[in-house]
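A.B. asks: Please see the structure below; I have some questions.
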Amino acid sequence: MNIAIVGTGYVGLVSGTCFADTGAIVTCVDVDENKIQRLQSGNIPIYEPGLDELVLKNVKAGRLKFTTSLADVLNDQDIVFSAVGTPPDEDGSADLKYVLQVAKTIGENLNKYMVVVTKSTVPVGTAKKVKATIQAELDKRGVDIKFDVASNPEFLKEGNAIKDFMSPDRVVVGVESEEAKKVLTRLYKPFLINNFRVIFMDIPSAEMTKYAANSMLATRISFMNDIANLCEKVGADVNMVRQGIGSDTRIGRKFLYAGCGYGGSCFPKDVKALIKTADANGYSMQVLKAVEEVNENQKKIVFDKLSKAYNGDLSGKTIALWGLAFKPETDDMRESTALVVIDLLLKAGCNIRVYDPVAMEECKRRMQVAGNENAPITYCKDMYDAALDTDALLLLTEWKEFRLPSWEVIAKTMNKKLVVDGRNIFDPVELKDAGFEYHCIGK
Numbered sequence: 153m154n155i156a157i158v159g160t161g162y163v164g165l166v167s168g169t170c171f172a173d174t175g176a177i178v179t180c181v182d183v184d185e186n187k188i189q190r191l192q193s194g195n196i197p198i199y200e201p202g203l204d205e206l207v208l209k210n211v212k213a214g215r216l217k218f219t220t221s222l223a224d225v226l227n228d229q230d231i232v233f234s235a236v237g238t239p240p241d242e243d244g245s246a247d248l249k250y251v252l253q254v255a256k257t258i259g260e261n262l263n264k265y266m267v268v269v270t271k272s273t274v275p276v277g278t279a280k281k282v283k284a285t286i287q288a289e290l291d292k293r294g295v296d297i298k299f300d301v302a303s304n305p306e307f308l309k310e311g312n313a314i315k316d317f318m319s320p321d322r323v324v325v326g327v328e329s330e331e332a333k334k335v336l337t338r339l340y341k342p343f344l345i346n347n348f349r350v351i352f353m354d355i356p357s358a359e360m361t362k363y364a365a366n367s368m369l370a371t372r373i374s375f376m377n378d379i380a381n382l383c384e385k386v387g388a389d390v391n392m393v394r395q396g397i398g399s400d401t402r403i404g405r406k407f408l409y410a411g412c413g414y415g416g417s418c419f420p421k422d423v424k425a426l427i428k429t430a431d432a433n434g435y436s437m438q439v440l441k442a443v444e445e446v447n448e449n450q451k452k453i454v455f456d457k458l459s460k461a462y463n464g465d466l467s468g469k470t471i472a473l474w475g476l477a478f479k480p481e482t483d484d485m486r487e488s489t490a491l492v493v494i495d496l497l498l499k500a501g502c503n504i505r506v507y508d509p510v511a512m513e514e515c516k517r518r519m520q521v522a523g524n525e526n527a528p529i530t531y532c533k534d535m536y537d538a539a540l541d542t543d544a545l546l547l548l549t550e551w552k553e554f555r556l557p558s559w560e561v562i563a564k565t566m567n568k569k570l571v572v573d574g575r576n577i578f579d580p581v582e583l584k585d586a587g588f589e590y591h592c593i594g595k
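The opening position of the sequence shown corresponds to residue 153 in the working numbering, with each subsequent residue numbered one higher.
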């Protein structure tokens with residue numbers, strides 16, 4: 153089966169590579185010539201555990217190819233997936249210009265039946281716009297070529313994307329014809345053989361499912377952060393509360409960890425987009441608006457605890473940050489808590505020492521884009537180097553290598569033994585025994 157994946161970002165490259173590994177012949181398309189040249193030379197532009205090896209394996213097997221021209225390869229395909237970006241517009245809604253540009257290119261060049269699938273996270277109603285755009289271009293050409301559109305939202309977790317794709321909780325496919333269903337059933341046959349759930353539904357429901365899923369997970373996070381903040385006021389321990397409610401099978405244990413806010417490419421963007429979709433349809437998503445507000449406030453909580461420990465005067469202090477990415481096993485800093493904390497620290501007159509296992513270069517790039525390339529930020533070689541001669545240590549990302557540090561060594565190198573744990577990964581007793589002032593979330 154021949155398929156094209158348009159867009160070689162996180163979703164497109166992982167999806168294309170994994171489809172190739174199931175036996176499909178995949179052509180990944182991107183207008184960024186530099187990115188395609190890098191991929192053709194074996195240089196993977198994103199960090200995802202195991203992806204490098206899988207790309208090289210399937211390129212060598214001849215099942216994975218890269219090009220900058222969709223028009224040149226379009227009519228060799230059975231399915232075209234659109235996995236281009238849908239960044240937030242100025243008002244928070246999803247910007248569909250790239251999705252519709254792909255549809256326009258398809259309409260300009262299509263000469264046989266094909267299934268066109270949106271893989272990007274897109275608002276309800278996008279498939280209708282894609283279909284109309286393709287049809288308009290066919291009408292301009294004066295040709296009558298049958299095609300179908302479908303929706304196949306992704307549910308990949310950064311840092312665990314290959315396993316998520318190959319062993320999915322479910323595959324959601326929205327179709328509007330039996331022919332499209334037949335084509336996509338054939339594509340997902342390897343998953344059906346392994347008894348993974350492939351759920352077919354109408355297209356608007358498939359489009360809504362992705363937003364609803366991410367918004368529910370974001371809601372659980374903000375709910376627990378709200379509970380954590382109240383726990384601090386009343387003397388309760390959010391970790392005990394989490395165990396108590398997580399043992400209820402109706403609630404479950406996942407996404408109940410309090411911390412310093414969620415970030416990344418999906419949750420913030422999708423919550424905003426769903427709120428805008430509701431607004432555009434005359435409905436207010438009151439719960440999600442609260443979820444968003446709680447999360448924005450939670451990103452400041454580590455800084456607030458630090459500031460309180462110094463009675464509001466942080467000028468001239470040197471602060472260590474452990475973790476820059478929005479979560480472990482990725483270099484993605486989109487909407488990360490670290491960006492908020494760095495901004496607050498700089499405004500407070502602090503010097504900053506940072507360390508992250510993989511996101512250091514991304515942080516440098518973002519500081520340069522923001523005009524902060526000359527800010528007092530030192531990029532350190534490891535977590536111990538970051539803590540050297542500092543007045544506080546802030547934990548923002550729960551990388552595994554941060555879980556068992558030698559507090560005895562760190563205590564000897566810091567100016568003040570103060571730790572603010574934004575992810576609740578450290579043992580309070582151990583730190584207090586080592587002489588540290590320790591602050592966490594929800595206790």
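All C-beta atoms in this analysis are idealised placements derived from N, C-alpha and C, irrespective of residue type, glycine included.
Computed from a predicted model, the values in this text were never measured in an experiment.
Of all the options ASN576, ASN366, ASP204, ALA235, which has the alpha carbon lying nearest to the alpha carbon of CYS158?
C.D. replies: As a first step, residue 158 is located in the sequence shown; it is residue number 6 there, counting from the start. One detail in the question is off: residue 158 reads as Val in this sequence, not Cys. Nearest option by C-alpha distance: ALA235.
A.B. asks: Measuring straight from C-alpha to C-alpha, what distance separates ARG505 and ARG555?
C.D. replies: On the sequence shown, position 353 is the one that residue 505 refers to. On the sequence shown, position 403 is the one that residue 555 refers to. Each residue's Cα considered, the two are about 19 angstroms apart.
A.B. asks: Let me make sure I understand the geometry here. Which of GLU481, LEU546, ASN366, LEU458 has the alpha-carbon closest to that of VAL443?
C.D. replies: Counted from its first residue, the sequence shown places residue 443 at position 291. VAL443 has its Cα closest to that of ASN366, out of GLU481, LEU546, ASN366, LEU458.
A.B. asks: Near ASN567, which residues of its chain fall below 8 angstroms by C-beta distance, leaving aside the five closest residues on each side in sequence?
C.D. replies: Along the sequence shown, one-based indexing puts residue 567 at 415. Here the set comprises THR470, ASP541, THR542, ASP543.
A.B. asks: To the nearest angstrom, how far is the alpha carbon of VAL325 from that of TYR340?
C.D. replies: Here residue 325 refers to the residue found at position 173 of the sequence shown. Here residue 340 refers to the residue found at position 188 of the sequence shown. Near 10 angstroms, if we compare the C-alpha coordinates of TYR340 and VAL325.
A.B. asks: In terms of residue numbering, what span does the alpha helix (DSSP H) encompassing TRP474 cover?
C.D. replies: By one-based count along the sequence shown, residue 474 stands at place 322. First-last for TRP474: 470–474, but that is the beta strand (DSSP E), not the alpha helix (DSSP H).
A.B. asks: DSSP state of LEU570, grouped into three classes?
C.D. replies: Start at 1 with the first residue of the sequence shown, and residue 570 comes out as number 418. Three-state DSSP puts LEU570 in a strand.
A.B. asks: Counting C-beta neighbours from all protein chains within 10 Å, is the total for ASN210 16 or more, i.e. buried, or is it exposed?
C.D. replies: For this step, residue 210 is matched to residue 58 along the sequence shown. It is buried - the Cβ of ASN210 has at least 16 other Cβ atoms within 10 Å.
A.B. asks: What are the boundary residues of the beta strand (DSSP E) that includes SER303?
C.D. replies: As a working note, residue 303 is residue 151 in the sequence shown. 300–303 is the span of the beta strand (DSSP E), which, as asked, contains SER303.
A.B. asks: Does the count of Cβ pairs from the stretch 443–456 and the stretch 373–393 closer than 8 angstroms reach three?
C.D. replies: Yes, since at least three Cβ pairs between the stretch 443–456 and the stretch 373–393 fall closer than 8 angstroms, the two stretches touch.
A.B. asks: State buried or exposed for TYR265, treating a residue as buried only when at least 16 other CB atoms are found within 10 Å of its CB.
C.D. replies: Counted from its first residue, the sequence shown places residue 265 at position 113. Result: exposed.
A.B. asks: To which residues of the same chain is ASP316 closer than 6 angstroms at the C-beta, ignoring the five residues directly before and after it?
C.D. replies: Position 164 of the sequence shown, counting from 1, holds the residue named residue 316. The residues are LEU308, LYS309.
A.B. asks: Report yes if the C-beta distance between TRP551 and GLU582 is below 9 angstroms; otherwise report no.
C.D. replies: Here the question's residue 551 lines up with position 399 in the sequence shown. Here the question's residue 582 lines up with position 430 in the sequence shown. In this structure, GLU582 does not lie closer than 9 angstroms to TRP551 by Cβ.
A.B. asks: Apart from the five residues just before and just after ILE351, which ones in its own chain have a Cβ nearer than 6 angstroms to its Cβ?
C.D. replies: Walking along the sequence shown from the start, residue 351 turns up at place 199. ARG322, VAL324.
A.B. asks: Residues in its own chain within less than 8 angstroms of LYS457 by CB, not counting five upstream and five downstream?
C.D. replies: Counting from one through the sequence shown, the residue named residue 457 turns up at place 305. Counting only Cβ-Cβ distances below 8 angstroms, and skipping sequence neighbours, we find VAL572, HIS591.
A.B. asks: Using 9 angstroms as the threshold, is the C-beta distance between ASP182 and THR220 below it?
C.D. replies: Stepping through the sequence shown from its first residue, residue 182 is reached at position 30. Stepping through the sequence shown from its first residue, residue 220 is reached at position 68. Yes, they are a contact pair.
A.B. asks: Pick helix, strand or coil for LEU546, following the three-state DSSP scheme.
C.D. replies: To locate residue 546, count along the sequence shown from 1; it is residue 394. In the structure shown, LEU546 sits in a strand (DSSP, three-state: E or B).
A.B. asks: Less than 8 angstroms between the CB atoms is what I'm expecting for GLY501 and LEU466, so what's the real figure, rounded?
C.D. replies: Translated into the one-based positions of the sequence shown, residue 501 becomes position 349. Translated into the one-based positions of the sequence shown, residue 466 becomes position 314. Indeed, because the Cβ distance is near 6 angstroms, the residues count as touching under 8 angstroms.
A.B. asks: Inspect the CB distances between the stretch 247–265 and the stretch 281–300 and report whether three or more fall short of 8 angstroms.
C.D. replies: Counting Cβ pairs under 8 angstroms, three or more are found: they touch.
A.B. asks: Based on the DSSP secondary-structure assignment, which residues constitute the bridge partners of VAL324?
C.D. replies: Position 172 of the sequence shown, counted from the first residue, corresponds to residue 324. For VAL324, which the question treats as bridged, DSSP gives the partners ILE351.
A.B. asks: Could you give the distance in angstroms between the alpha-carbon of VAL163 and the alpha-carbon of THR270?
C.D. replies: Your numbering for residue 163 matches position 11 in the sequence shown. Your numbering for residue 270 matches position 118 in the sequence shown. Rounded to whole angstroms, VAL163 to THR270 spans 11 angstroms at the Cα level.
A.B. asks: Give every residue of the same chain whose Cβ lies closer than 7 angstroms to the Cβ of THR429, excluding the five residues on either side of it in the sequence, and list them in chain order.
C.D. replies: Against the sequence shown, residue 429 aligns to sequence position 277. Answer for THR429: PRO275, VAL276, listed in chain order.
A.B. asks: Would you kindly work out how many angstroms separate the C-alpha atoms of MET368 and VAL423, rounded to a whole number?
C.D. replies: For the purposes of this step, residue 368 is identified with residue 216 of the sequence shown, where counting begins at 1. For the purposes of this step, residue 423 is identified with residue 271 of the sequence shown, where counting begins at 1. Between MET368 and VAL423, the C-alpha separation is close to 9 angstroms.
A.B. asks: Identify which residue in LYS334, LYS421, MET485, GLY413 has its Cα closest to the Cα of ARG575.
C.D. replies: Mapped onto the sequence shown, residue 575 falls at position 423. That would be GLY413, whose Cα lies nearest to the Cα of ARG575.
A.B. asks: Evaluate VAL254 with the Cβ neighbour count: other Cβ atoms within 10 Å of its Cβ, from every protein chain shown; 16 or more gives buried, anything less gives exposed.
C.D. replies: Numbered from its first residue, the sequence shown carries residue 254 at position 102. Buried.
A.B. asks: Taking only the alpha-carbon atoms, compute the straight-line gap between LYS385 and ALA156 and give it to the nearest angstrom.
C.D. replies: The residue you call residue 385 lines up with position 233 of the sequence shown. The residue you call residue 156 lines up with position 4 of the sequence shown. Taking the straight line from one Cα to the other gives about 54 angstroms.
A.B. asks: Quick one: is GLY416 buried, meaning 16 or more other Cβ sit within 10 Å of its Cβ, or exposed?
C.D. replies: Indexing the sequence shown from 1 puts residue 416 at position 264. It counts as buried.
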